Structure formats: C-alpha cells, structure tokens
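Colleague: Okay, here's the structure, questions in a sec.
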Amino acid sequence: MAGTAGVLAYALSVAAHGFAEDGVLLEAAAFQNRGGWVLDTQFYQQMGGFYLLAHGMGTPVADASTEVELPHGGAWHLFVRTRNWCPGDWEAPGRFRVLLDGQPLEPVFGTEPGWAWQKGGAIDLTAGKHAVALQDLTGFEGRIDAIFFSPVADPKLPLETGDVVAWKDRMAGRDTLDAREGAF
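The sequence shown begins at 37 in this note's numbering and counts up one residue at a time.
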C-alpha cells in the first residue's frame, strides 16, 4: 500500500507542476566532448545545475559536442536554457550557436537576461542519434545549462530554480535514485 501511495503522490506532483514531460532533455554537463568549454559548478544552488562556460578571454573556444537520441522522427522544437550574463545597451558578450548535424540553428543564443529557455526554432529530424555542437562566437563567457527537444511548439518549461532542479531530476531519472543504496 505504501508503494501505491508513493506512485500516486508522484503522479499528483507531476500534474500539479504541469511542466513538459514529453521530450528529450540534454544537459550541457553531459556533453561527451567539452572542446574549449569548461564545466562551471560554483552556482549549482543559485541556478539549478552545472553548466558549460566558454571562457576564452575574448577568443572563441573550441566547439563542445555530443549526441542526442530522439525516440521518433518529425518536427522537434528546441529550447536552450542559457543567459546573457551582462545585459545592457550593447551586444551580449556570451553569444553562441547550437549546431544540429553540422547545421547552425538560426537564433544566436546567450542573448536573454537571466537564466531562461531561449527558443531555438523547429527542425525536422529522424528518429535516432543526432550530432549536437556548441559554437562559441565571442570567447566572453557564453553559458548553457541544457537543451530541451520537444515535439510540442510551446511546452510549459520550468523557470524558477527549484522547479528547474526538480524537473531536470525527473527528466534525467535522478529523482528515483536512493543515496542510501549507493546510487549517487
């Protein structure tokens, strides 16, 4: 009976938050090849995760790359959790592009103030593995936390830090791990 109550509580929790569950989350910290990007771990509590940082002192760093596996073909909408760390009346210093199978997406990322999901447009993709790369454009601290691939054009994505952490943990399966059993 306790197991059933736990499953019910989980289902109610998901329903209460109402965040997008149908899609594929690619966390930047999981990139297989970081290129010249570095993993920044110092602000985990403040922004809800580790992120990749293009710290090139004004010289663009080498591309980070990885693969993502999509469960079905069709139109996929991309959302990139990033931020413009220095907003003002100038061009954002940490701009970068996302490349999918070698093709750059149209928007330039790192241009929105605060940690937010920046829309990356829609692209038709087949089921299976696809190459993803991050191309630094400035060498001035571009930041990326995650990419979400959604079959829905306007999914409800979490914005508040606590919601982001819980959602990412649920999407990645970390919410089912038990530290007492050595899962961490």
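All residues carry an ideal CB built from backbone N, CA and C; glycine is no exception. All of these numbers come straight from a predicted model, not from anything done at the bench.
Could you tell me which of Ile159, Phe86 and Ala98 sits nearest to glycine 72, measuring between CA atoms?
Modeller: Looking up residue 72 in the sequence shown gives position 36. Closest by alpha carbon: Ala98.
Colleague: What span of residues does the beta strand (DSSP E) with aspartate 181 cover, start to end?
Modeller: Here residue 181 corresponds to residue number 145 of the sequence shown, with the count starting at 1. Counting along the chain, the beta strand (DSSP E) containing aspartate 181 begins and ends at 176-186.
Colleague: Would you call the segment 143-152 and the segment 182-192 in contact, with 3 or more CB pairs under 8 Å?
Modeller: Too few Cβ pairs lie closer than 8 Å, so no.
Colleague: May I have the straight-line CA-CA distance separating arginine 131 from alanine 202, to the nearest angstrom?
Modeller: What you label residue 131 is simply residue 95 of the sequence shown in a count that begins at 1. What you label residue 202 is simply residue 166 of the sequence shown in a count that begins at 1. Computed Cα separation, rounded: 27 Å.
Colleague: Taking buried to mean at least 16 other C-beta atoms within 10 Å of its own C-beta, is valine 200 buried or exposed?
Modeller: To locate residue 200, count along the sequence shown from 1; it is residue 164. Buried, since its Cβ has 16 or more Cβ neighbours within 10 Å.
Colleague: CA-CA distance, histidine 166 and proline 143?
Modeller: For the purposes of this step, residue 166 is identified with residue 130 of the sequence shown, where counting begins at 1. For the purposes of this step, residue 143 is identified with residue 107 of the sequence shown, where counting begins at 1. Taking the straight line joining both Cα atoms gives about 19 Å.
Colleague: List the DSSP bridge partners of alanine 111.
Modeller: Translated into positions along the sequence shown, residue 111 becomes position 75. In DSSP, alanine 111 forms a bridge with Asp160.
Colleague: Going straight from the alpha carbon of alanine 90 to that of histidine 113, what length do you get?
Modeller: Here residue 90 corresponds to residue number 54 of the sequence shown, with the count starting at 1. Here residue 113 corresponds to residue number 77 of the sequence shown, with the count starting at 1. Looking at the two C-alpha atoms, the distance is approximately 24 Å.
Colleague: Sort Trp126, Ser186, Leu173 and Ala128 by Cα distance to proline 16 and report the nearest one.
Modeller: Nothing about residue 16 can be reported from this structure: the residues present for the chain run from 37 to 220 only.
Colleague: Which first and last residues belong to the alpha helix (DSSP H) in which valine 200 is found?
Modeller: Taking the sequence shown and counting its residues from 1, one reaches residue 200 at position 164. First-last of the alpha helix (DSSP H) with valine 200: 197-208.
Colleague: Distance, Cα to Cα, phenylalanine 145 vs glycine 94?
Modeller: For this step, residue 145 is matched to residue 109 along the sequence shown. For this step, residue 94 is matched to residue 58 along the sequence shown. Phenylalanine 145 and glycine 94: Cα-Cα distance of roughly 17 Å.
Colleague: Write down the C-beta distance between alanine 169 and glutamate 63 rounded to the nearest angstrom, noting that I regard them as a contact closer than 8 Å.
Modeller: Translated into the one-based positions of the sequence shown, residue 169 becomes position 133. Translated into the one-based positions of the sequence shown, residue 63 becomes position 27. Between glutamate 63 and alanine 169 the Cβ distance is about 15 Å, and since that is not below 8 Å, they are no contact.
Colleague: Entirely within the segment 60-133 and at least 3 residues each: give me those beta strand (DSSP E) ranges in chain order.
Modeller: Entirely contained in the segment 60-133, the beta strand (DSSP E) runs reaching 3 residues are, in chain order, 60-63, 74-76, 87-91, 100-106 and 110-118.
Colleague: Could you round the C-beta distance between aspartate 205 and tyrosine 87 to whole angstroms and report it? I think they count as a contact, below 8 Å.
Modeller: Here the question's residue 205 lines up with position 169 in the sequence shown. Here the question's residue 87 lines up with position 51 in the sequence shown. In fact, because the Cβ distance is near 16 Å, the residues do not count as touching under 8 Å.
Colleague: Which residues does DSSP pair with valine 168 in a beta bridge?
Modeller: As a working note, residue 168 is residue 132 in the sequence shown. Note: valine 168 sits in a beta bridge opposite Thr102 and Leu136.
Colleague: Expressed to the nearest angstrom, what Euclidean distance is found between the alpha-carbon atoms of glycine 110 and aspartate 160?
Modeller: Here the question's residue 110 lines up with position 74 in the sequence shown. Here the question's residue 160 lines up with position 124 in the sequence shown. Between glycine 110 and aspartate 160, the C-alpha separation is close to 5 Å.
Colleague: Nearest to valine 252 by CA position, among Val116, Pro96, Phe79 and Gly198, is which residue?
Modeller: Nothing can be reported for residue 252: it is not among the residues displayed for the chain, which extend from 37 to 220.
Colleague: Measure the CB-CB distance between isoleucine 85 and alanine 65 and report whether it falls below 8 Å.
Modeller: Start at 1 with the first residue of the sequence shown, and residue 85 comes out as number 49. Start at 1 with the first residue of the sequence shown, and residue 65 comes out as number 29. Rather than isoleucine, the amino acid found at residue 85 in this sequence is glycine. Cβ distance < 8 Å, so glycine 85 and alanine 65 count as in contact.
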